[in-house]
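Take a look at the structure below.
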Amino acid sequence: MRYSGDIIEEVRARNDIVDVISTYVNLKKSGSGYKGLCPFHNEKSPSFSVSPSKQYYHCFGCGVGGRVYTFLMQYENYTFTEALKYLADRAGIKLPEGEMTEEEKRKASLKQRMYDMYKAAAVYYYYQLYNSPKGKDAYKYLKDRQLSDDIIKKFGLGYSNVNGGLFAYLKSKGFNDGVLMQSGLFSMDEKRGAYDKFWNRVMFPIMDINNKVIGFGGRVMSDAKPKYLNSPETLLFDKSRNLFGMNIARSSRRKNLIICEGYMDVISLHQAGFDNAVASLGTALTGMQANLLKRFTDNILVTYDSDEAGRKAAMRAIPILRDAGLSVKVINMKPYKDPDEFIKNLFASEIHPLLYF
Ligand SMILES: [Zn+2]
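Numbered by our numbering, the letters in the sequence shown go through residues -12 to 344 in order.
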């Protein structure tokens, strides 16, 4: 989009860089400026500094730096226009109509097509869960896990059929090969052509904080490996900066957020009334996820599995959360395996330790 230098300067002047960066990074006053841990590289002592007088940030560790626009372009992966729109909106400035460049038009439309495609895929999987013969087994599995139809609907759970079918379905909906092959949902080989990567799995749509589907996790319904499979990173999906359940948890009225390890834990907690539960996406918790949590709360409850792997993961997560300025409590799940089991047992007995937090 092309905008005048005047409007770009006005938007910049009305968005103090310290305020903007503070929503992402835990900044502390240091001399005439502010310091914090750099969100663009891993570090233990802060070398990321923000200058209010110069309205400039700089990292002495990895060398990044720039003005408020650059920060948002680096952190949120925004184009310049997206950063400008975000900041104009933040300052209550109405932008004049701009004109998109060809490159912007192409990228915006590809992103939009991908959002549309994931949404259509989620609808397809949901339909399969209730309407295909094999989907009934998956539905039974969810019922055996004591999930209600309401919670299945709320999270949009679905089923990817044994013989696929998603590729053909999306083609029939008018999505072209270019978009489909960038989705991470399909593989291609010479014999079969394009085929579904997910089959015979319970499907968990992964949404960004704006309720848009950006990927899927799938749990296999047989003994095949891997038990859980996530769709790969794409133009829309960055695992290190999204959390499963955050789209719902962000508007929870509870004063803290609960992080757990798995999709089923999150869903089970939500069903039990803890609509503030989220999970990282099959990877260790990252600094960017901690910063995302910090945008919505100051207090975190860690409820990882009670086994050795879960304990280790919690030990790794704690310093990352603290570095983001969060206060952290760990809930011991013993003698239960994970929050799912914990909730089911303790809810039944009416002793509910989580209620005390
Ligand atoms: Zn850095």
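Note that the Cβ used here is the ideal one computed from N, Cα and C, for glycine as well.
In this structure Gln99 is exposed. Its beta-carbon is surrounded by fewer than 16 other beta-carbon atoms within 10 angstroms. Less than 8 Å divides the Cβ of Ala311 from the Cβ of Asn278. For Arg179 against Gly205, the beta-carbon gap comes to about 19 Å, at or over 8 Å, which does not count as contact. Annotation: Lys22 to His28 spans about 15 Å, alpha carbon to alpha carbon. Inclusion of Phe27 in the 7 Å shell around ligand 1 follows from its C-beta lying nearer than that to a non-hydrogen atom of the ligand. In terms of side-chain proximity, the C-beta atom of Val37 is found no nearer than 7 Å to any non-hydrogen atom of ligand 1.
Between the alpha carbons of Tyr182 and Glu89 lies a gap of roughly 32 Å.
Distances from the alpha-carbon of Ala304 to those of Gln276, Met208, Tyr117, Ala125 put Gln276 closest.
Taking the CA atoms as reference points, Ser36 sits about 42 Å from Leu167. If only complete runs of 3 or more residues are kept, the segment 206 to 279 shows the beta strand (DSSP E) at 215 to 217, 243 to 247, 264 to 266, in order along the chain.
Judged by the Cβ position, Val51 qualifies as a neighbour of ligand 1 at the 7 Å threshold, a heavy atom of the ligand being closer than this.
The beta-carbon separation of Leu313 and Lys281, rounded to 6 Å, stays under the 8 Å limit for a contact. Annotation for Ser9: no beta strand (DSSP E) segment contains it, though the alpha helix (DSSP H) segment containing it runs 4 to 9.
If you draw a straight line from the Cα of Lys72 to the Cα of Ser9, it comes to about 19 Å. Residue side-chain check: Gly48 places its Cβ nearer than 7 Å to a non-hydrogen atom of ligand 1. In the structure shown, Arg(-11) falls within a strand segment according to DSSP collapsed to helix, strand and coil. Judged by beta-carbon spacing, Asp225 lies beyond the 8 Å limit of Asp327, meaning their Cβ atoms are not closer than that value.
By the Cβ test, the segment 72 to 82 is not in contact with the segment 121 to 135, since fewer than three Cβ pairs between them sit closer than 8 Å. Between the segment 94 to 113 and the segment 32 to 52 there are fewer than three C-beta pairs closer than 8 Å, too few to call the two in contact. DSSP places Tyr43 in the uninterrupted beta strand (DSSP E) bounded by 43 to 46. In the DSSP secondary-structure assignment, Tyr21 is bridged to Lys16, Val37.
If you compare the alpha carbons of Val51, Gly274, Leu244 with that of Ile318, the shortest gap goes to Leu244. Here the alpha carbons of Gly79 and Glu248 stand approximately 39 Å from one another. In this structure, DSSP gives Leu288 an extended state, which the three-state scheme calls strand.
One alpha carbon belongs to Glu177, the other to Ile138, and they sit about 40 Å apart. For Ala304, the enclosing alpha helix (DSSP H) begins and ends at 295 to 310. Close CB contacts of Lys160 within its chain, under the 6 Å cut and outside five residues either way in sequence, are with Ala107 (chain order). Shortest Cα-Cα distance from Thr66 to any of Gly52, Lys92, Leu308, Cys49 involves Lys92.
Taking C-beta atoms under 8 Å as the contact rule, Lys214 and Val207 qualify, at a distance of about 6 Å. By DSSP's assignment, Glu86 forms a beta bridge with Arg(-11). When DSSP assignments are scanned along the segment 119 to 178, the uninterrupted stretches of alpha helix (DSSP H) that are 4 or more residues long and fall wholly within it turn out to be 120 to 131, 136 to 141, 153 to 159, 164 to 168.
Scanning its chain for C-beta atoms nearer than 8 Å, with the 5 sequence neighbours on each side dropped, one finds around Glu30 the residues Leu24, Gly48, in chain order. A Cβ-Cβ separation of about 6 Å places Val315 in contact with Val289 under the 8 Å criterion.
For Asp195, there is no enclosing beta strand (DSSP E), as DSSP gives it neither H nor E. Taking 8 Å as the cut-off, the Cβ atoms of Pro26 and Gly274 count as close.
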